[in-house]
Amino acid sequence: MSTQTIKVIPACSLALIAAALIPVPSHADVRYTMEMKMGGDKSGQDDGAAAMGGSIRTTTFLKDMRQRDETATDFGPIKMTTVTITQCDKHREVKLDPDLKIYTVSAIGAFLPAKQMSKSPMMTSKADDQGAGGTGKEVVTFTAKNLGTEKVADIQARHAMLTFRTQSSGCAGASDTTMKMELWTAPIKAALNCPERYSASRVIPNEKGCPITYEMKGDLAGLRDIFGEMAVKQVFYDANDKPLFTRDLREHSTAALDDSLFDVPSDYKEVSDDEFQKQERDKMMHSFMPGGKMPGAGADETPATPEGDTADGPAPTPDPKPEKPKHKFKVPGLPF
């Protein structure tokens, strides 16, 4: 495979389906687990994912035209599990919370190589902070270089180096970042390749109503081929070629899978995406509190009276200090 450049502008929902990209159903059920370790050599790194440590473990289940991803995130005090079901036959994705027994439905989004893993309650993107006025645009320039084959974990794998340059403007945020991913893949089906993942172009409003233009151009079949195989190992690098993340295959099985894994349980309640995110945030914050209570709360979980307050009312509020800019922690999206 020769070096090639593909300009991509990723999207998050409704798709223009490219007729030439017909999803190929799997001929056997597949289950595999990948574990991502955050950070490589942490020396000299004082912020961002590389300095945080932690891991993200994802188990993927594939059956016919459906896929289930169970992702366990562990960042010290932040521990959470997310479940996503992709129903290629219904052109939709379903996010579930087994603890709260709620779910939310959205259209299948495009492949997101360098934007965000998901709309997690603990992560934000620049686009989320932009207003509704004007328009926006995102471009990801994708380059793939074939490095031959190599044996990894006793599997003969295809070795490649991928480069993603993400440029955004307008209400998509102003940024220009580059990331590299070294990738080893095995000739085992590992993704549905729903056509929406690689559709040519679309215009999608963001959460605040601003229309953002997304496109994908180039050898879409070649791109689909790369990400349709099972990743055996991945190493992510920043613009200075420092390792940020490593991701390794932990287990792989072709045992038969139950159909119920790929449907929403009947006792789950459907909610809007905003409500789903709110309940996820509330659950995460509740998990931080000792015994599930707010700090200083009494037996009835009533918050303690703040220091300085009196029976006559709250103490005078001091002049607020200027807020420091909040660090935006963005995790690259994974198409597997």
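Convert by adding 871 to the 1-based position in the sequence shown; the result is the number in our numbering. Here a beta-carbon is modelled for each residue, glycine too, at the ideal position from N, C-alpha and C.
Does residue i come out as helix, strand or coil in the three-state DSSP assignment?
i            : result
residue 1131 : helix
residue 1158 : helix
residue 1105 : strand
residue 979  : coil
residue 1140 : strand
residue 947  : coil
residue 1145 : helix
residue 1044 : coil
residue 937  : strand
residue 1113 : coil
residue 1099 : helix
residue 972  : coil
residue 960  : helix
residue 1119 : strand
Less than 8 Å between the C-beta atoms of residue i and residue j, yes or no?
i            : j            : result
residue 951  : residue 927  : no
residue 902  : residue 942  : no
residue 1037 : residue 1011 : yes
residue 1042 : residue 1099 : no
residue 1147 : residue 973  : yes
residue 1211 : residue 963  : What the structure shows of the chain is the stretch from 872 to 1207, and residue 1211 is not part of that stretch, so it cannot be assessed.
residue 1208 : residue 945  : Look at the range of the chain in this structure, 872 to 1207, and you will see that residue 1208 is not part of it.
residue 965  : residue 1142 : no
residue 925  : residue 905  : no
To which residues does DSSP link residue i through a beta bridge?
i            : result
residue 1033 : 1015, 1052
residue 1007 : 1041, 1083
For residue i, which residues of its own chain have a beta-carbon under 7 Å away from its beta-carbon, when the five flanking residues on both sides are left out?
i            : result
residue 1125 : 899, 900, 901
residue 1019 : 1030
residue 1144 : 975, 977
residue 1040 : 1007, 1008
residue 1026 : 1057, 1103
residue 1005 : 1041, 1042, 1081
Ordered along the chain, which non-local residues of its own chain (more than five positions away) have a Cβ less than 8 Å from that of residue i?
i            : result
residue 1024 : 1103, 1104, 1119, 1120
residue 1028 : 1020, 1021, 1022, 1055, 1056, 1057, 1103, 1104
residue 1127 : 900
Considering only residues of the same chain and omitting the five flanking positions on each side of residue i, which have a CB-CB separation below 6 Å?
i            : result
residue 1110 : 1049
residue 1123 : 903
residue 1053 : 1032, 1106
residue 1153 : none
residue 895  : Confidence in residue 895 is poor, its pLDDT being 36 and thus under 50, which makes the residue's placement too unreliable to answer from.
residue 1237 : Because the chain here runs from 872 to 1207, residue 1237 falls outside it and cannot be looked at.
residue 1034 : 1014, 1051
Review point. Can you find at least 3 beta carbon pairs, one from the segment 951-970 and one from the segment 1112-1119, that sit closer than 8 Å?
Key: Segments in contact, no.
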